[in-house]
Amino acid sequence: MTVKQFFKSQAFKCIIVLLVIALIAGGLLAILNDVLYVTEEERTMRAIEKVYGQEMQYEEKQFPEEAYSNSYGSISKVYFLENGNYLVQSTGGEGYKGGTITVWVVLNFDGTSFKGIDKVVQESYEKQTLMSKLSYDVYSAHNDEVTGEVYFTTKDDGIKVVISGATYSTNALNNAVDCALKFAHEYLVENATQEVE
Amino acid sequence: MTGKRFKTIAFDGLLKNNPTLRLVLGTCPTLALSTAALNGIGMGLAVTFILICSNVLISLLRKTIPNAVRIPAFVIIIATFVTIVRMVLDKFIPSLYDSMGVYLPLIVVNCIILGRAESFASKNTVLDSACDGLFTGLGFTCALTLIGAVREILGAGAIFGVRLWDFKIEFFTSSAGAFFVYGLAIAIFNAVYSKVENVRRSKTFALRMLPKPDVSAPDNLDPDASGEAEKANTTADVTAKEVK
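Residue numbers (this note's numbering), protein chains in the order written: chain R, 33 to 229; chain U, 11 to 254.
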């Protein structure tokens, strides 16, 4: 096939048509992506609204690298809210099939003292198939005043037992909450004191 | 487009070729997103919008797109509209965007949309294709909402998020419950549809079976009787043409 024949062939027409469609679609999506882009601030505000039911001013806090993980899981975001509480996004492991659950935990502070957990709201999960078993009651079972370093467990040998029909998923949820609690005890109490000072 | 053509397309999309309950297409989102009636409406309307837009564009380009590359071209067009819907939902209705999860991008490979593009939009005019997209989408939305409502009422004791009572059977919110309700919906819909269709067919058959009068018979001289027989004959012929 000569070059001239190629340019007149059906194959060339196919390439051109597909290219034109892809280019127009790509251009349109690029423009729309710019117009409809959801910023990180907007996502954070949505998360706060999901937890509190209203928008609230916040300040993102930075901590040393080792603060973002502990024996229960990992912390990805920490926000200091205008009402003096902390909003922490934490991920707990050891769920069903080794999966994880990520939650937003509202840590209640009264000035410099850590009072307990105000609210636990699910953000996302991986590999968990029985999430429907984790009802509102299971999440709200974590809302409690905390005295000393007490953590949640699914086993009947702890003080704070939280369990549901999905034991492994509840374990991941407890780990996520415990991760936030440990972080609060180790870093936030000190930070809260500095904030007040 | 004539009124009759419009009625045929509407009847096909909503009932005769209902994608969920007659053709059993789009099963994946039907089973996964029918946990609540609102999810069903959201998914259904998203699919309807994409169906209309992709059908219109594919119909416009049907003479331009070479036959050999029609499927990749359709997929690019459908994927573009799905991405636009994703962006819009993420920006303006984040709760619905979150509840749809992975099933929203999966609309790209939804066989209802690709099926209508291939079998209808690539062969018909823009207006016909738009109507086909609208009614097929509405048929899908109605089916999803119906299944979602049944599962929500029985599984969560609520409808459209409004609590009705404390009684609930959790089986209906599980995957097994989804298969059960879906199967039941298909069975009931098809039983009712077949019944109605059989009645319609027997009426048509009875009309076709009307005896044709023998005009050459010497005793057939009564002008009134002859006129009635001719009328019946004409009706039977018209019905036969309609059936064909």
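For every residue, glycine included, the Cβ atom is placed at its ideal position computed from N, Cα and C.
Neighbour-count burial assignment, residue i, 16 or more Cβ in a 10 Å radius
i	result
serine 201 of chain R	buried
phenylalanine 150 of chain U	buried
glutamine 89 of chain R	exposed
arginine 161 of chain U	buried
serine 132 of chain U	buried
asparagine 65 of chain R	exposed
asparagine 77 of chain U	exposed
tyrosine 219 of chain R	buried
glycine 143 of chain R	exposed
asparagine 208 of chain U	exposed
isoleucine 47 of chain R	exposed
methionine 219 of chain U	exposed
glycine 143 of chain U	buried
methionine 53 of chain U	buried
serine 69 of chain U	buried
threonine 197 of chain U	Residue 197 of chain U is actually alanine in this sequence, not threonine. Classification for alanine 197 of chain U: exposed.
phenylalanine 21 of chain U	exposed
lysine 188 of chain U	Per the sequence presented here, residue 188 of chain U reads as alanine, with lysine not at that position. Per the 10 Å Cβ criterion, buried.
glycine 36 of chain U	buried
isoleucine 53 of chain R	buried
valine 170 of chain R	buried
Boundaries of the alpha helix (DSSP H) in which residue i is found, first to last residue
i	result
glycine 143 of chain U	136-166
phenylalanine 130 of chain U	Segment: none, phenylalanine 130 of chain U is in no alpha helix (DSSP H) and carries neither H nor E.
isoleucine 233 of chain R	Nothing about residue 233 of chain R can be reported from this structure: the residues present for chain R run from 33 to 229 only.
serine 172 of chain R	168-172
isoleucine 80 of chain R	72-84
leucine 106 of chain U	104-110
isoleucine 56 of chain R	42-67
valine 209 of chain R	199-215
methionine 69 of chain U	It is worth fixing the name first, because residue 69 of chain U is serine in this sequence and not methionine. Its alpha helix (DSSP H) spans residues 47-70.
phenylalanine 170 of chain U	Counting along the chain, phenylalanine 170 of chain U falls outside any alpha helix (DSSP H), and DSSP gives it neither H nor E.
lysine 17 of chain U	13-21
alanine 78 of chain U	Alanine 78 of chain U -> no alpha helix (DSSP H), and no H or E assigned at all.
proline 39 of chain U	37-43
Nonlocal neighbours in the same chain, by C-beta distance under 6 Å from residue i, ignoring five residues either side
i	result
glutamine 154 of chain R	Val135
glycine 50 of chain U	Ser44, Leu154, Thr155 and Gly158
serine 109 of chain U	Asn49
phenylalanine 182 of chain U	Arg161, Leu164 and Gly165
glutamine 94 of chain R	none
Top-ranked residue by Cα proximity to residue i, from the options
i	options	result
glycine 171 of chain U	U:Asn28, U:Ile179, U:Ala78 and U:Ala47	U:Ala47
valine 112 of chain U	U:Ser69, U:Ile179 and U:Cys38	U:Cys38
asparagine 27 of chain U	U:Met53, U:Leu71, U:Phe130 and U:Ile68	U:Phe130
threonine 12 of chain U	U:Leu116, U:Arg72, U:Thr135 and U:Val202	U:Thr135
arginine 32 of chain U	U:Ala201, U:Val209 and U:Phe215	U:Ala201
tyrosine 128 of chain R	R:Cys46, R:Gly143 and R:Thr161	R:Thr161
glutamate 114 of chain R	R:Tyr100, R:Gln94, R:Gln86 and R:Ala99	R:Gln86
methionine 73 of chain R	U:Ile198, U:Ser64 and U:Lys101	The question names methionine, but residue 73 of chain R in the sequence shown is glutamate. Of U:Ile198, U:Ser64 and U:Lys101, the residue nearest in Cα terms is U:Lys101.
valine 95 of chain U	U:Ser64, U:Ile122, U:Lys17 and U:Ser69	U:Ser64
leucine 114 of chain U	U:Val98, U:Glu128 and U:Gly125	U:Val98
leucine 67 of chain U	U:Asp138, U:Arg211 and U:Phe189	U:Asp138
proline 29 of chain U	U:Leu71, U:Phe16, U:Leu61 and U:Arg15	U:Leu61
isoleucine 19 of chain U	U:Phe59, U:Val79, U:Arg72 and U:Arg126	U:Arg126
valine 83 of chain R	R:Glu97, R:Asn117, R:Gly59 and R:Phe39	R:Asn117
leucine 124 of chain U	U:Val57, U:Lys205 and U:Leu194	U:Val57
leucine 71 of chain U	R:Val67, R:Pro96, R:Leu61 and R:Val49	R:Val49
proline 82 of chain U	R:Lys36, R:Glu98, R:Leu51 and R:Glu81	R:Leu51
Own chain partners of residue i with C-beta closer than 8 Å, once the 5 adjacent residues on each side are dropped
i	result
valine 118 of chain U	Val85, Ile88, Ala89 and Val92
lysine 178 of chain U	Leu164, Gly165, Ala166 and Gly167
asparagine 102 of chain R	Cys211, Lys214, Phe215 and Glu218
tyrosine 157 of chain R	Gly127, Gly131, Thr132, Ile133, Thr134, Met163, Ser201 and Ala204
serine 108 of chain R	Tyr100, Gln121, Ser122, Thr123 and Thr134
serine 32 of chain R	In the structure as shown, chain R begins at 33 and stops at 229. Residue 32 of chain R is therefore absent and cannot be evaluated.
Integer Cβ distance of residue i from residue j, believed to fall under 8 Å
i	j	result
tyrosine 69 of chain R	glutamate 91 of chain R	Between glutamate 91 of chain R and tyrosine 69 of chain R the Cβ distance is about 23 Å, and since that is not below 8 Å, they are no contact.
leucine 119 of chain R	valine 138 of chain R	6 Å
threonine 74 of chain U	tyrosine 192 of chain U	No, threonine 74 of chain U and tyrosine 192 of chain U are not in contact; Cβ-Cβ is about 39 Å, not under 8 Å.
phenylalanine 145 of chain U	leucine 55 of chain U	Actually they do not touch by this definition, with Cβ atoms about 14 Å apart.
Sequence-distant residues of its chain with Cβ nearer than 7 Å to residue i (five each side left out)
i	result
histidine 174 of chain R	Ile149, Val152, Phe184, Val194 and Val209
methionine 77 of chain R	Glu87
glycine 125 of chain R	Gly105, Thr132, Ala204 and Asn207
serine 105 of chain U	none
arginine 80 of chain U	Ser132
lysine 45 of chain R	none
Proximity test, residue i beta-carbon vs the ligand COA heavy atom, cut-off 6 Å
i	result
threonine 135 of chain U	Ligands displayed in this structure: none; no statement on the ligand COA is therefore possible.
Range covered by the beta strand (DSSP E) that runs through residue i
i	result
glycine 148 of chain R	145-157
glutamate 207 of chain U	Taken as a continuous stretch (DSSP letters only), glutamate 207 of chain U belongs to no beta strand (DSSP E), being part of the alpha helix (DSSP H) at 185-218.
tyrosine 118 of chain R	118-124
phenylalanine 95 of chain R	Premise fails: phenylalanine 95 of chain R is in no beta strand (DSSP E) and is neither H nor E.
phenylalanine 182 of chain U	Run containing phenylalanine 182 of chain U: none; DSSP gives neither H nor E here.
leucine 113 of chain R	105-113
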